[in-house]
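Enquirer:
In full-length UniProt numbering, the protein residues as written are 1 to 357.
Put into structure tokens, the structure is as follows:
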């Protein structure tokens with residue numbers, strides 16, 4: 001298997017390019033689901049990102065996940081079909097430089113983790129090479145510094161046809177909701193890559209985010225649709241809800257608000273939320289100080305505007321904006337320095353605008 005070195009020249013730090021010696025990390029779970037599909041049809045990372053990926057098999061048959069070099073997916077699939085007696089021993093993965101990383105064969109109900117780094121820009125694939133699966137069960141990884149140039153998900157030639165059909169179905173009707181949705185809309189449900197107390201918020205028919213009530217923080221945001229709860233309901237709540245669309249932001253920095261000192265994670269307690277014009281206003285305490293947060297869609301494109309109201313604060317307040325999470329940050333007050341916004345003393349209200357890169 002070909003080894004890729006971690007070579008990172010620059011990463012974006014809240015919109016600024018700075019040299020850095022270590023790659024950024026991102027963690028992702030991809031589920032093998034019914035119909036020879038991965039639930040994540042594509043994702044985007046910057047060059048040099050270390051990806052920690054879990055393949056979780058929710059299907060009733062075995063699958064694997066093989067990451068391939070650009071323009072080599074079909075070659076890897078065809079080579080895997082010629083493995084003969086060695087196929088099972090090799091987990092149906094051919095020994096070829098076209099393979100960047102791979103899982104073993106994952107049985108139903110099981111999972112496996114892999115880590116890899118894609119240092120060079122390009123369009124990489126991930127594919128199941130289990131016999132008969134590889135021609136329809138695949139997804140795409142865009143390694144790029146310009147994710148805004150991606151084609152729409154339902155028109156992406158690198159996304160599996162059966163996943164684009166899913167997107168078209170969701171565009172025409174919403175069979176996975178018991179009633180016609182009115183936006184903004186809020187669902188308490190089990191979301192992937194979030195805590196058990198998750199809240200899915202559909203801001204518009206095409207913009208949504210996941211809020212983790214247990215951790216009191218925004219987990220990720222996506223465009224293209226809302227959620228599909230079919231597996232969740234069919235599995236009596238044992239399977240998570242699926243995201244419908246393309247995740248453009250994924251939190252990498254943990255809880256963002258810091259009082260007093262920037263490098264100390266605070267103690268946080270969730271106090272519920274209140275609907276204001278159908279938008280949820282989340283309420284929680286940070287080291288005993290009340291915080292209210294409302295999130296609205298960016299009106300000019302992919303992104304979010306986060307509105308914060310603070311209780312009385314005697315010392316400095318910081319907001320952490322982690323690089324490599326897919327967005328550029330712009331605070332309403334204060335300046336970004338070393339990945340932190342330091343708010344002027346006495347600030348009680350501020351906004352953080354997050355625009356997809």
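Beta carbons are placed, not taken as given, at the ideal position from N, Cα and C, and that holds for glycine.
1. By Cβ distance, which residues of its chain are closer than 6 Å to residue 292, with the 5 residues on each side in sequence left out?
2. Are the CB atoms of residue 220 and residue 251 within a distance shorter than 8 Å?
3. Going by the CB atoms, is the gap between residue 222 and residue 243 shorter than 8 Å?
4. So does the region 34-44 actually touch the region 77-87, counting three or more Cβ pairs closer than 8 Å?
5. Looking at residue 42: is its Cβ nearer than 8 Å to the Cβ of residue 156?
6. Mind checking which residues open and close the alpha helix (DSSP H) that includes residue 73?
7. Cα-Cα, which of 319, 47, 313, 300 is closest to residue 307?
8. Name the DSSP bridge partner or partners of residue 61?
9. So residue 101 and residue 112 are supposed to be a Cβ contact under 8 Å. How far apart are they, rounded?
10. Please state whether the Cβ-Cβ distance between residue 324 and residue 49 is less than 8 Å.
11. For residue 224, count neighbouring C-beta atoms within 10 Å of its own C-beta (all shown protein chains included) and say buried if the count is 16 or more, exposed if not.
12. List in chain order: all unbroken alpha helix (DSSP H) runs of 4+ residues lying wholly within the region 223-285.
13. By the DSSP assignment, the beta strand (DSSP E) with residue 135 in it spans what residues?
14. How is residue 349 classed by DSSP in three states: helix, strand or coil?
15. Put residue 184 into one of helix, strand or coil per three-state DSSP.
16. Going by DSSP, what residue range makes up the beta strand (DSSP E) through residue 196?
17. Reducing DSSP to helix, strand and coil, say where residue 163 ends up.
18. Kindly confirm or deny that the region 178-195 and the region 59-70 touch, where touching means at least three C-beta pairs closer than 8 Å.
19. Bridge partners for residue 293 per DSSP, in chain order?
20. Tell me which same chain residues have a C-beta within less than 8 Å of the C-beta of residue 260, skipping the five on either side of it?
21. Taking 8 Å as the cut-off, decide whether the C-beta atoms of residue 127 and residue 73 are in contact.
22. Contact defined as beta carbons within less than 8 Å: I believe residue 97 pairs with residue 60. What is the distance between those atoms, to the nearest angstrom?
23. Could you name the residues of the same chain whose beta carbon sits closer than 7 Å to that of residue 350, not counting the 5 residues immediately before and after it, in chain order?
24. Output the distance between the C-alpha atoms of residue 164 and residue 153, rounded to the nearest integer angstrom.
25. Taking 8 Å as the CB-CB cut-off, is residue 72 touching chain B?
26. Check whether the Cβ atoms of residue 52 and residue 119 sit closer than 8 Å, and answer yes or no.
27. Buried or exposed: which applies to residue 338, given that a residue is buried once 16 or more other Cβ atoms fall within 10 Å of its Cβ?
28. So residue 329 and residue 352 are supposed to be a Cβ contact under 8 Å. How far apart are they, rounded?
29. Label residue 340 either buried or exposed according to how many other C-beta atoms from any shown protein chain fall within 10 Å of its C-beta, with 16 as the threshold for buried.
30. Residue 147 by DSSP, collapsed to three states: which one?
31. Secondary structure at residue 339, three-state DSSP: helix, strand or coil?
32. Along the beta strand (DSSP E) that carries residue 68, what are the first and last residues, could you check?
33. So what's residue 28 in DSSP terms, helix, strand or just coil?
34. Quick check on DSSP: helix, strand or coil for residue 203?
Expert: Short version:
1. 281, 283, 309
2. yes
3. yes
4. no
5. yes
6. Boundaries of the alpha helix (DSSP H) around residue 73: 73-80.
7. 319
8. In DSSP, residue 61 forms no bridge with anything.
9. Not really, about 11 Å apart at Cβ, beyond 8 Å.
10. yes
11. The C-beta of residue 224 has 16 or more other C-beta atoms within 10 Å across all chains shown, which makes the residue buried.
12. If we require 4 residues or more, the alpha helix (DSSP H) runs fully inside the region 223-285 come out as 230-234.
13. Careful: residue 135 lies outside any beta strand (DSSP E) and carries neither H nor E.
14. Under the three-state reduction of DSSP, residue 349 is assigned to strand.
15. coil
16. Unbroken run through residue 196: none, as it is neither H nor E.
17. helix
18. no
19. 282, 308
20. 287, 315, 316
21. yes
22. Contact doesn't hold; Cβ gap of about 34 Å is too wide.
23. For residue 350, same chain residues with a beta-carbon under 7 Å away, outside a window of 5 residues either side, are 308, 331, 332, 333, 343 in chain order.
24. Cα-Cα distance, rounded: 7 Å.
25. In summary, chain B is missing from the structure at hand, where a single protein chain is found.
26. no
27. exposed
28. With a contact defined as Cβ atoms closer than 8 Å, residue 329 and residue 352 qualify at about 6 Å.
29. buried
30. helix
31. coil
32. 66-68
33. strand
34. The DSSP-derived three-state label of residue 203 is strand.
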